[in-house]
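Residue numbers (the numbering used here): 410 to 677. Each residue gets a CB set at the ideal place from its N, CA and C atoms; glycine is no exception. It should be emphasised that the depicted structure is a prediction, and the values quoted were computed from it without experimental measurement. Read through the structure below, which is laid out as structure tokens, and then see the notes.
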């Protein structure tokens, strides 16, 4: 065993984790989700974000940028494990595209992008080991709250933020040391979504990743630019945003799903 000496401002790490043996619900309905976790190796400052739909580039980019802007600075290096963003079980062309986007994201923030070796989780230990500490805090806070049911994803995220902020207050002195060593943020965030084009059918629907969504009937036969986030779709006609849809995921690779909003089509 070789002890690691972490230098202030050098290393930030990202990972996805699942809150096991806890049934989070939204107004009584089970919430299938992950928690994205960003952590600084030296000060142990953490940020967690509720992620819908599993690991993806959009989830990583949105969670990482949100963490950096809350932190108020940028470490020199960012590390993720080899399974993050679905590196496993992908075609080589898709892997290369995903790797390129991840490297462009890190380059925008002037961070060196690194990954640990596949199957070697201990190489990401500075974030892996802390999952358990924060998740225990979350479970204890849920017990004190007396319920695992929330009104919305936003209220659940507020609850997670409160628990993580309490955890961060334990490391204020180390954070003050590290904050002075961080790189400055850029003037604005960069793209944290995937964009595709979708043609609206005569039935006022679009097909996106094996899911059929309805859109307002005025958009029939138009070609929309769809920005895919982990939890939503934002649809644009030219430069005008025409609708926003909650994202739905098929239950398996062999099935399709649908989201039908009768308000989109009732008047036609």
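> Should residue 614 be labelled buried (16 or more other beta-carbon atoms within 10 Å of its own) or exposed?
Replying inline: With 16 or more other Cβ atoms within 10 Å, it is buried.
> Would DSSP call residue 474 helix, strand or coil?
Replying inline: helix
>> Quick test of your reading: residue 511 and residue 472, contact by CB under 8 Å. State the CB separation rounded to the nearest angstrom.
In response: The pair is not a contact, with the Cβ atoms about 13 Å apart (cut-off 8 Å).
> Roughly how many angstroms separate the alpha carbons of residue 673 and residue 653, rounded to a whole number?
Replying inline: Taking the straight line joining both Cα atoms gives about 12 Å.
> Distance, Cα to Cα, residue 426 vs residue 447?
Replying inline: Computed Cα separation, rounded: 11 Å.
>> Give me, in chain order, the residues of the same chain whose beta-carbon lies closer than 7 Å to that of residue 494; leave out the 5 immediate sequence neighbours on both sides.
In response: Summary for residue 494: the model assigns pLDDT 48, below 50, so the residue's position carries little reliability; its value from the coordinates is reported in the next sentence. Counting only Cβ-Cβ distances below 7 Å, and skipping sequence neighbours, we find 464, 465, 466, 469, 507 and 511.
>> Short of 7 Å in beta carbon distance, which residues of its chain neighbour residue 437, apart from the five on each side in sequence? Order them along the chain.
In response: 558
> Is there contact between the stretch 572 to 592 and the stretch 449 to 456, where contact requires at least three CB pairs shorter than 8 Å?
Replying inline: Touching, yes, given that three or more Cβ pairs across the two stretches are closer than 8 Å.
> So residue 594 packs on residue 488, CB below 8 Å; how close in whole Å?
Replying inline: About 19 Å; that fails the 8 Å criterion.
>> Buried or exposed for residue 589, going by 16 or more other Cβ atoms inside 10 Å?
In response: exposed
> So is residue 601 buried or exposed if we call it buried at 16+ other beta carbons inside 10 Å?
Replying inline: Here residue 601 is buried: its Cβ has 16 or more other Cβ atoms, across all protein chains shown, within 10 Å.
>> Given a cut-off of 8 Å on the beta-carbon distance, is the pair residue 607 and residue 635 in contact?
In response: yes
> Just how far apart, CA to CA, sit residue 553 and residue 560?
Replying inline: 18 Å
> Under a three-way DSSP split, which group does residue 601 fall into?
Replying inline: coil
>> So, for residue 497: in the same chain, excluding its five sequence neighbours on each side, which residues have a beta-carbon less than 7 Å away from its beta-carbon?
In response: With a pLDDT of only 45 at residue 497, under 50, the local geometry of the prediction cannot be trusted, and the value read off the model is given with reservation. Excluding residues within five positions, none has a Cβ falling inside 7 Å.
> Whose C-beta lies closer than 8 Å to the C-beta of residue 626 among residues of the same chain, with five residues either side of it excluded?
Replying inline: 613, 673, 674, 676 and 677
>> Let's test the definition: count the other Cβ atoms within 10 Å of the Cβ of residue 458 and tell me whether it reaches 16, buried, or not, exposed.
In response: When all chains shown are included, residue 458 counts as buried.
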